[in-house]
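>
2 protein chains.
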Amino acid sequence: MDITEIEQIVRNVLVQLEDTTTSESTCSRERLVPVEVSARHIHLSAEHALQLFGKPLEQKRELSQPGQYLSTGRLRLIGPKGVLDNVAVLGPARGKSQVEISMTDARNLGIKAPVRQSGDTKGTPGIVLASSDNIVAIEEGVIVAARHIHMTPDDARHFNVRDREKVSVHLQGKRPVVLRDVLVRVNKNFRLVLHIDADEANGCGCDENTTARIVKNKE
Amino acid sequence: MDITEIEQIVRNVLVQLEDTTTSESTCSRERLVPVEVSARHIHLSAEHALQLFGKPLEQKRELSQPGQYLSTGRLRLIGPKGVLDNVAVLGPARGKSQVEISMTDARNLGIKAPVRQSGDTKGTPGIVLASSDNIVAIEEGVIVAARHIHMTPDDARHFNVRDREKVSVHLQGKRPVVLRDVLVRVNKNFRLVLHIDADEANGCGCDENTTARIVKNKE
Numbered sequence: 252m253d254i255t256e257i258e259q260i261v262r263n264v265l266v267q268l269e270d271t272t273t274s275e276s277t278c279s280r281e282r283l284v285p286v287e288v289s290a291r292h293i294h295l296s297a298e299h300a301l302q303l304f305g306k307p308l309e310q311k312r313e314l315s316q317p318g319q320y321l322s323t324g325r326l327r328l329i330g331p332k333g334v335l336d337n338v339a340v341l342g343p344a345r346g347k348s349q350v351e352i353s354m355t356d357a358r359n360l361g362i363k364a365p366v367r368q369s370g371d372t373k374g375t376p377g378i379v380l381a382s383s384d385n386i387v388a389i390e391e392g393v394i395v396a397a398r399h400i401h402m403t404p405d406d407a408r409h410f411n412v413r414d415r416e417k418v419s420v421h422l423q424g425k426r427p428v429v430l431r432d433v434l435v436r437v438n439k440n441f442r443l444v445l446h447i448d449a450d451e452a453n454g455c456g457c458d459e460n461t462t463a464r465i466v467k468n469k470e
Numbered sequence: 252m253d254i255t256e257i258e259q260i261v262r263n264v265l266v267q268l269e270d271t272t273t274s275e276s277t278c279s280r281e282r283l284v285p286v287e288v289s290a291r292h293i294h295l296s297a298e299h300a301l302q303l304f305g306k307p308l309e310q311k312r313e314l315s316q317p318g319q320y321l322s323t324g325r326l327r328l329i330g331p332k333g334v335l336d337n338v339a340v341l342g343p344a345r346g347k348s349q350v351e352i353s354m355t356d357a358r359n360l361g362i363k364a365p366v367r368q369s370g371d372t373k374g375t376p377g378i379v380l381a382s383s384d385n386i387v388a389i390e391e392g393v394i395v396a397a398r399h400i401h402m403t404p405d406d407a408r409h410f411n412v413r414d415r416e417k418v419s420v421h422l423q424g425k426r427p428v429v430l431r432d433v434l435v436r437v438n439k440n441f442r443l444v445l446h447i448d449a450d451e452a453n454g455c456g457c458d459e460n461t462t463a464r465i466v467k468n469k470e
């Protein structure tokens, strides 16, 4: 075997490697993830729901994640610099109230909300919530929701990822991007979907037709 | 030379290739690109400037690109669904008036503005511009500015890119992303900077400390 043959072998390996890199087949296997844009919304504790609406939350329509719903209630968010009206309240009630807004909203309200995963509200700013009947001030709980992918254990096996793993996601919208460090959340009650917020959707030129591909968290 | 030696050679090649891929050294060479967030703004024709302000544009302060300036004038943008006040007018005057807004702005104004490079306004929607003294309706010229990198011919040689080439850009903000298809614009009068809009900045969790790295337009 001479040097020419070795070169040929190396070249063949490189071509195969190139094919693998280009198709990113190890992780995505060409299955696409639906994209949902989370508009600003509020989760209320049962106590705050009662204070603001005089009754428990009522379901208006179901959301994509099983058990979650859009309630009939709407609230005004009051910040030091501005207000946002008609903000959706989601149900069911949670242990603690939480407000999820975009960075654009945060700037308009005059609140320095950090990017956090849902539930991780320690040390976040508070805000004032107002219904037509009452006002409640929460001391913390305002976040800019960090993007994440909901999936079932079956989906996780398919994509070869684990719960809490961070992946990259290709979004082929009008402004194509790769979102990095996207948290995977696995639960048998979840339905497969990538959740991004309004700023991310606008920044990526995304709409309901945009396709998302999971790839490894590099590049 | 037996098969073990060949395997070793192939393995060495793969390791080197991995190093190259990881460091992305071919294009970036570790030089970073400053990031500027373009707020909504207006370019006016000399005629429209006169109609709205009764005099030519006056410089208030210089902008990063040599010769470009923030003028002393501010205008109200009036769309079918909303208005935006106090919008900056940039100078010097151009051949044609052009309004650059974010997708968030476009939604608030009620205008379907497409993502376009500056100057490419054919078939774009119009809008009403109002000063304290006058109103001008432009028939087209409202765009969501497509992100781009200004650089000199020297910069282009350094990054090994050409004028009008599209590259990817890593933005290591609070929400790390790779922007794809970013247009490179080369001119000896330019200063090196990546221009993104407010939605992109919010979507990427960027501020003035965010670093941008140019990489090849793949992955």
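So the protein sequences, as listed, match chains A and B. Numbering of the first sequence is given in my numbering, commencing with residue 252 and proceeding in unit increments. Numbering of the second sequence is given in my numbering, commencing with residue 252 and proceeding in unit increments. Quick reminder that beta carbons are idealized off the backbone N, C-alpha and C, glycines included. Quantities reported herein were computed from a predicted structural model and do not represent experimental measurements.
Grouping DSSP H, G and I as helix and E and B as strand, with all else coil, what is ARG436/B?
Here residue 436/B corresponds to residue number 185 of the second sequence, with the count starting at 1. Three-state result, ARG436/B: strand.
> What does DSSP give as the partner residue(s) for VAL428/A in the beta ladder?
Walking along the first sequence from the start, residue 428/A turns up at place 177. Beta-bridge pairing links VAL428/A to LEU422/A and LEU430/B.
> My parser needs the alpha helix (DSSP H) runs of 4 or more residues fully inside the region 332 to 381 of chain B; what are they?
Scanning the region 332 to 381 of chain B from its first residue to its last, the whole alpha helix (DSSP H) runs of 4-plus residues come out as 354 to 360.
> Answer yes or no: do GLY454/A and ARG426/A have a C-beta to C-beta separation smaller than 9 angstroms?
In the first sequence, residue 454/A corresponds to position 203, counting from 1. In the first sequence, residue 426/A corresponds to position 175, counting from 1. Judged by their CB atoms, GLY454/A and ARG426/A are nearer to each other than the 9 angstroms cut-off.
> If you drop the 5 nearest sequence neighbours on each side, which residues of the same chain put their C-beta closer than 7 angstroms to that of THR323/B?
Within the second sequence, numbered from 1, the residue matching residue 323/B stands at position 72. Around THR323/B: GLU309 and LYS311.
> ASP448/B bridges to which residues according to DSSP?
As a first step, residue 448/B must be located in the second sequence, where it is residue number 197. Answer by DSSP bridge pairing, in chain order: SER289/B.
> Listed from N- to C-terminal order along the chain, which residues in the region 375 to 394 of chain A have their beta-carbon within a distance smaller than 7 angstroms of any beta-carbon of chain B?
none
> Which residue's Cα is closest to the Cα of LEU380/A: ASP336/A, PHE410/A, ASP405/A and LYS417/A?
Taking the first residue of the first sequence as 1, we reach residue 380/A at position 129. The shortest C-alpha separation from LEU380/A is found at ASP336/A.
> Cutting at 6 angstroms between CB atoms, please list the residues of its own chain near THR355/B, excluding the five before and the five after it.
Looking up residue 355/B in the second sequence gives position 104. Within the same chain, THR355/B has close Cβ partners ASP450.
> Check each candidate in GLU416/A, LEU430/A, ARG358/A and ILE389/A and name the one with the smallest Cα separation from GLY374/A.
Working through the first sequence from its first residue, we reach residue 374/A at position 123. Out of GLU416/A, LEU430/A, ARG358/A and ILE389/A, ILE389/A has the C-alpha closest to the C-alpha of GLY374/A.
> So, for SER296/B: in the same chain, excluding its five sequence neighbours on each side, which residues have a beta-carbon less than 8 angstroms away from its beta-carbon?
Against the second sequence, residue 296/B aligns to sequence position 45. Correct list, in chain order: ALA344, ARG345, GLY346, LYS347 and SER348.
> Is ASP406/B buried or exposed, if buried means 16 or more other CB atoms sit within 10 Å of its CB?
Counting from 1 along the second sequence, the entry for residue 406/B is found at position 155. Answer is buried; the Cβ neighbour count reaches 16.
> My understanding is that ILE400/B touches LEU341/B, with C-beta atoms under 8 angstroms, so please give their C-beta distance in whole angstroms.
Stepping through the second sequence from its first residue, residue 400/B is reached at position 149. Stepping through the second sequence from its first residue, residue 341/B is reached at position 90. The Cβ separation is near 19 angstroms, so there is no contact.
> Could you tell me whether any Cβ in chain A is nearer than 9 angstroms to the Cβ of PRO331/B?
Working through the second sequence from its first residue, we reach residue 331/B at position 80. Answer no: the Cβ-Cβ gap between PRO331/B and chain A never drops below 9 angstroms.
> I'd like the list of long-range same chain contacts for GLY377/B, defined as Cβ closer than 8 angstroms, with 5 residues on each side in sequence excluded.
In the second sequence, counting from the first residue as 1, residue 377/B sits at position 126. Excluding residues within five positions, the ones whose Cβ falls inside 8 angstroms are ALA388, ILE389, GLU390, GLU391, GLY392 and VAL393.
> Against chain B, which members of the region 430 to 457 of chain A pass a CB distance test of less than 9 angstroms?
Listed by position, the residues of the region 430 to 457 of chain A near chain B (Cβ gap below 9 angstroms) are LEU430, ARG431, ASP432, ILE447, ASP448, ALA449, ASP450, GLU451, ALA452, ASN453, GLY454, CYS455 and GLY456.
> Along the chain, where does the beta strand (DSSP E) that runs through ALA388/A open and close?
Position 137 of the first sequence holds residue 388/A. That run of the beta strand (DSSP E) goes 386 to 389.
> Check whether the Cβ of THR462/B lies closer than 9 angstroms to any Cβ atom in chain A.
Looking up residue 462/B in the second sequence gives position 211. So, not an interface residue.
> So what's ASN460/A in DSSP terms, helix, strand or just coil?
On the first sequence, position 209 is the one that residue 460/A refers to. Three-state result, ASN460/A: coil.
> When burial is assigned at 16 or more other CB atoms within 10 Å of the CB, is ARG282/B buried or exposed?
Mapped onto the second sequence, residue 282/B falls at position 31. Exposed.
> Is the shortest distance between the beta-carbon of SER276/A and the beta-carbons of chain B less than 9 angstroms?
Locating residue 276/A in the first sequence gives position 25, counting from the first residue. Unreliable positioning characterises SER276/A in this predicted model, as indicated by a pLDDT of 40, which lies under 50. The coordinate reading is nonetheless provided below. Judged by the 9 angstroms Cβ criterion, SER276/A is not in contact with chain B.
> Buried or exposed: GLY305/B, going by 16 or more other Cβ atoms within 10 Å of its Cβ?
For the purposes of this step, residue 305/B is taken as residue 54 along the second sequence, with counting starting at 1. The residue is exposed, with fewer than 16 neighbouring Cβ atoms inside 10 Å.
> So, does the CB of LYS425/A fall closer than 9 angstroms to a CB anywhere in chain B?
Position 174 of the first sequence, counting from 1, holds the residue named residue 425/A. True, the Cβ-Cβ gap to chain B drops below 9 angstroms.
> Got a sec: is the Cβ-Cβ distance from MET402/B to anything in chain C below 9 angstroms?
Absence of chain C from the displayed structure is noted, the protein chains being A and B.
> Any beta-carbon of chain A closer than 9 angstroms to the one on SER419/B?
Here the question's residue 419/B lines up with position 168 in the second sequence. Answer yes: the Cβ-Cβ gap between SER419/B and chain A drops below 9 angstroms somewhere.
> Given a threshold of 16 other Cβ atoms within 10 Å of its Cβ, counted over all protein chains shown, does SER419/B qualify as buried or as exposed?
Position 168 of the second sequence holds residue 419/B. Looking at its Cβ environment, which holds 16 or more other Cβ atoms inside 10 Å, SER419/B is buried.
> Could you tell me whether any Cβ in chain B is nearer than 9 angstroms to the Cβ of THR355/A?
Indexing the first sequence from 1 puts residue 355/A at position 104. At least one CB of chain B lies nearer than 9 angstroms to the CB of THR355/A.
> Using the three-state DSSP reduction, which class does LEU314/A fall into: helix, strand or coil?
Sequence index remark: in the first sequence, residue 314/A carries index 63 (1-based). Coil at LEU314/A, not helix or strand.
> Exposed or buried, THR231/A, counting other C-beta atoms within 10 Å across all chains shown (16 or more means buried)?
As displayed, chain A neither begins before 252 nor continues past 470, which places residue 231/A out of reach and without an answer.
> Mind listing which residues of the region 339 to 370 of chain A have their C-beta closer than 7 angstroms to chain B's C-betas, in chain order?
Correct list: SER353, MET354, THR355 and VAL366.
> Can you tell me the Cα-Cα spacing of HIS446/A and PRO285/A, whole angstroms?
Numbered from 1 along the first sequence, position 195 holds the residue referred to as residue 446/A. Numbered from 1 along the first sequence, position 34 holds the residue referred to as residue 285/A. Between HIS446/A and PRO285/A, the C-alpha separation is close to 9 angstroms.
> Do VAL334/B and GLY456/A have their CB atoms nearer than 9 angstroms?
Counted from its first residue, the second sequence places residue 334/B at position 83. Counted from its first residue, the first sequence places residue 456/A at position 205. No, the pair does not count as a contact, with Cβ atoms beyond the cut-off.
> Give the DSSP-derived three-state secondary structure of ALA396/A in the structure shown.
Sequence index remark: in the first sequence, residue 396/A carries index 145 (1-based). The answer is strand: DSSP assigns ALA396/A an E or B state.
> What three-state label does DSSP hand GLY324/A in the structure shown?
Sequence index remark: in the first sequence, residue 324/A carries index 73 (1-based). Secondary structure of GLY324/A (DSSP, three-state): strand.
> Taking 9 angstroms as the CB-CB cut-off, is VAL428/A touching chain B?
What you label residue 428/A is simply residue 177 of the first sequence in a count that begins at 1. Chain B, which has a Cβ nearer than 9 angstroms to the Cβ of VAL428/A, makes this yes.
> Within the same chain, show all residues whose beta-carbon is closer than 6 angstroms to that of ASP448/A, passing over the 5 residues directly before and after it, in chain order.
Position 197 of the first sequence, counted from the start, is the residue given in the question as residue 448/A. So the list reads SER289, SER353 and ALA396, once near-sequence residues are dropped.
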